[in-house]
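Engineer: What follows is a single structure, and I will ask about it in a moment.
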Amino acid sequence: MPAPAAHLASARTPSVLLSNGVNRLEGTLKLTTAILALAAGVYTYLGVRELLNGSPTTVFFAAVIYSVAVSVGIYAFWVFMMQFMPHVTSLVGRLLMGGCMLLGSLMIVAMSSWLNASALAGAAAIQQHLAITVQNYTRDLDRANSQAIAAQSLLPDIQLASSRFAKLAEAERAGSLTGTSGSGTVVQLLAQMSTQLDGLGQQVQESGKRVSALYEQGSKSLAKMRELISDRGPIATRSDAFATESLNLMGVIANLQQTSVAPAVRRAATSLSASFIAPAASGRSGDLAERQTAVVGKVEGAIATQAASLADAADKILALPRIEPTRYQTLSPAEAVLRYAGDFIPSWAGAISIDLMPAVLVLILCVVHAAIRREGLPAVSASSLTAADLVAAMQVAREVEDARRAAESRPTIAPDVPAATPALEPQPAPAPAAVADENVTSLSSARVGK
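The working numbering applies: residue 1 is where the sequence shown begins, and numbers increase by one.
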């Protein structure tokens, strides 16, 4: 394969493409993390503002400071994780970094996510709280009304007994009971019992009218509460108005329980049998007196039976459990979101996702860097260098060239002769002894020759 083709193929390997992608997306990662941290801070501000008390200025600055701290903390945490976690290769290091990310995520949820959920679904959670409270009040009002009007079921029995005693009195005037017509002792006794039962029946009827009026008043309060729930105004204002109506409704429920006529029926039934005194016979003849006494005894038995029946019916009503009306508890949006968290799972999911979305980016970076290390990154080529890398490479090349030229311009020095050794005069080499004898003539021989 030619060199350019091989170079192009190496530049297109997956590891190079992944590395280039990471470099190109580094700014996008930081920008995305910053935007998510800013969104978390905004919703945290909206959530924490409902929890603070004080002047508007104090609440504003306190909420702003808290939300800014949350935004900075979230951004710094995820940037640290993106920078360090993908490059940790050991198993122990990976486990430690994973534990740090889990701990940080839990802290982010604790300081931000539930406030985000409060901002997203706080008003809806309070509305649900109001709706549930209305349901409880409706149940309590119906139960109180049922117990109050339960005594109305005794009215037919009371009216029937009164009518029977009145008819017996009319019959006795014609002599049907004692065999002697007139308005004597028996007639007076029967008329008296009928009158007492009529009075008791009127009390039950009047009690029914009071119960109806109270129930109508309670129904109006419930209708007002439902209007407050479906209204579009500020939830805090509606909640305060709802609390006022709840107090009125609790008073209505208490009055309904006190309006019940069952205790009065129970006392009247006891009075009929316990306070009965048989009148003396007023007949002029002994035979008539005996018949009157016998009839009075029968009337006494009838009254005792009727009284026992009414007392048993009243006892059943009184045995019903007393109703303790629900007390409305004002909740903040954050408290309402926590109490009804199961009903607002989508809002919780969105609030947590805003804070923990960068965790997905961290995991993606870990996978990409692991793939780059596994496939191996080829040698850096000119096509993969940036402008700064090329400028730095040219600078290094110039420095190397300058160093080479400086080395060539220096004189060459023999390695055997030290440069610092001074020059010495040459010394004659000593001649061998035989050569010296041949070249030297003695002084005596020279003289003779002359």
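Heads up, the beta-carbon is just placed ideally off N, CA and C, and yes, glycines get one too.
Mapping the DSSP letters down to three states, classify ALA241 as helix, strand or coil.
Structural biologist: In the structure shown, ALA241 sits in a helix (DSSP, three-state: H, G or I).
Engineer: If I'm right that ASN145 touches TYR215 with Cβ under 8 Å, what's the distance once you round it to whole angstroms?
Structural biologist: Between TYR215 and ASN145 the Cβ distance is about 5 Å, and since that is below 8 Å, they are a contact.
Engineer: Which residue wins for smallest C-alpha separation from ALA359, given the options GLN83, GLY21 and PHE60?
Structural biologist: Here the closest residue by C-alpha is GLN83.
Engineer: Give the C-beta separation of ILE323 and ILE253 to the nearest angstrom, bearing in mind that I take them to be a contact with Cβ-Cβ under 8 Å.
Structural biologist: Confirmed, about 6 Å.
Engineer: Relative to the C-alpha of ALA243, which candidate in GLN329, ARG410 and VAL64 has its C-alpha closest?
Structural biologist: Comparing Cα-Cα distances from ALA243 to each of GLN329, ARG410 and VAL64, the minimum goes to GLN329.
Engineer: Roughly how many angstroms separate the alpha carbons of ALA269 and GLN258, rounded to a whole number?
Structural biologist: Using only the alpha carbons, I get a separation of about 19 Å.
Engineer: Using the beta-carbon count (16 or more within 10 Å), is ILE126 buried or exposed?
Structural biologist: Buried: at least 16 other Cβ atoms inside 10 Å.
Engineer: Do the region 329 to 346 and the region 97 to 104 meet, that is, are 3 or more Cβ pairs less than 8 Å apart?
Structural biologist: Short answer: they don't touch.
Engineer: Would you say the region 42 to 60 touches the region 11 to 27, given that touching needs at least three Cβ pairs under 8 Å?
Structural biologist: No, the region 42 to 60 does not touch the region 11 to 27.
Engineer: Buried or exposed: which applies to ASN116, given that a residue is buried once 16 or more other Cβ atoms fall within 10 Å of its Cβ?
Structural biologist: Looking at its Cβ environment, which holds 16 or more other Cβ atoms inside 10 Å, ASN116 is buried.
Engineer: Is it a yes or a no for the region 83 to 97 touching the region 302 to 318, going by three-plus beta-carbon pairs under 8 Å?
Structural biologist: No: the two stretches stay apart, fewer than three of their Cβ pairs being nearer than 8 Å.
Engineer: Which of helix, strand or coil does DSSP assign to SER90?
Structural biologist: Of the three classes helix, strand and coil, the one that applies to SER90 here is coil, per DSSP.
Engineer: Taking only three categories from DSSP, how would you classify GLY54?
Structural biologist: If DSSP states are grouped into helix, strand and coil, GLY54 belongs with coil.
Engineer: Report the three-state DSSP secondary structure of GLU453 (helix, strand or coil).
Structural biologist: Given that the chain is displayed from residue 1 to residue 450, the structure contains no residue 453 and the question cannot be resolved.
Engineer: Tell me which same chain residues have a C-beta within less than 6 Å of the C-beta of SER112, skipping the five on either side of it?
Structural biologist: These residues qualify, in order along the chain: ALA40, THR44, VAL70 and ASP355.
Engineer: What whole-angstrom Cβ distance do LEU75 and ALA34 have, given they're in contact under 8 Å?
Structural biologist: This sequence places Tyr at residue 75; Leu is not what is there. Rounded, the Cβ-Cβ distance is 6 Å, consistent with contact.
Engineer: Within the chosen definition, does the region 159 to 172 reach the region 189 to 203 through at least 3 CB pairs nearer than 8 Å?
Structural biologist: Judged by Cβ distances under 8 Å, the region 159 to 172 makes contact with the region 189 to 203, as three or more pairs qualify.
Engineer: Leaving aside the five residues before and after PRO14 along the sequence, list all residues of the same chain whose C-beta is less than 8 Å from its C-beta, in chain order.
Structural biologist: Taken in chain order, the residues that qualify are ALA371 and GLU375.
Engineer: So, for GLY350: in the same chain, excluding its five sequence neighbours on each side, which residues have a beta-carbon less than 7 Å away from its beta-carbon?
Structural biologist: Result list for GLY350: LEU120, in chain order.
Engineer: Would ALA37 pass as a contact of ARG49 if the rule is Cβ separation under 8 Å?
Structural biologist: Going by C-beta atoms, ALA37 is not nearer than 8 Å to ARG49.
Engineer: Could you give the residue range of the alpha helix (DSSP H) that holds SER347?
Structural biologist: 345 to 375 is the extent of the alpha helix (DSSP H) around SER347.
Engineer: THR330 by DSSP, collapsed to three states: which one?
Structural biologist: Reduced to three states, the DSSP call for THR330 is coil.
Engineer: So, helix, strand or coil for GLY233, using DSSP?
Structural biologist: DSSP places GLY233 in coil when its eight states are reduced to three.
Engineer: Determine the closest residue to LEU96 out of MET81, GLN152, GLY122 and ALA151, with distance taken between C-alpha atoms.
Structural biologist: Per the Cα distances, MET81.
Engineer: Identify the continuous alpha helix (DSSP H) that holds LEU390 and give its terminal residues.
Structural biologist: 387 to 408 is the span of the alpha helix (DSSP H), which, as asked, contains LEU390.
Engineer: Between the Cα of GLU26 and those of THR58, ALA311 and VAL368, spot the shortest distance and give me the residue it belongs to.
Structural biologist: Cα-wise, what sits closest to GLU26 is VAL368.
Engineer: Distance, Cα to Cα, GLY104 vs PHE77?
Structural biologist: Approximately 7 Å between the Cα atoms of the pair.
Engineer: Give me the Cα-Cα distance between GLU227 and GLY199, rounded to the nearest whole angstrom.
Structural biologist: Rounded to the nearest angstrom, the two C-alpha atoms are 43 Å apart.
Engineer: Helix, strand or coil: how does DSSP classify ALA319 here?
Structural biologist: Three-state result, ALA319: coil.
Engineer: Let me know if GLU408 comes out buried or exposed under the rule of 16 or more other beta-carbons within 10 Å of its beta-carbon.
Structural biologist: GLU408 should be labelled exposed.
Engineer: So what's SER113 in DSSP terms, helix, strand or just coil?
Structural biologist: DSSP places SER113 in helix when its eight states are reduced to three.
Engineer: Using the C-alpha atoms, what's the distance from GLU245 back to LYS224?
Structural biologist: One C-alpha to the other measures close to 8 Å.
Engineer: So is PRO263 buried or exposed if we call it buried at 16+ other beta carbons inside 10 Å?
Structural biologist: It counts as exposed.
Engineer: Strictly under 8 Å for the Cβ-Cβ distance: is ASP343 near chain C by that measure?
Structural biologist: Judged by its chain identifiers, the structure shown contains no chain C, having just a single protein chain.
Engineer: With LEU247 and GLY218 assumed to form a contact (beta carbons below 8 Å), what rounded beta-carbon distance in angstroms separates them?
Structural biologist: At roughly 12 Å, the Cβ-Cβ gap does not stay under 8 Å, so LEU247 and GLY218 are not in contact.
Engineer: So, at 8 Å on beta carbons, what are the nonlocal neighbours of VAL362 in its own chain, with the 5 sequence-adjacent residues on each side left out?
Structural biologist: Around VAL362: TRP78, MET81, MET82, MET85, PRO86 and MET101.
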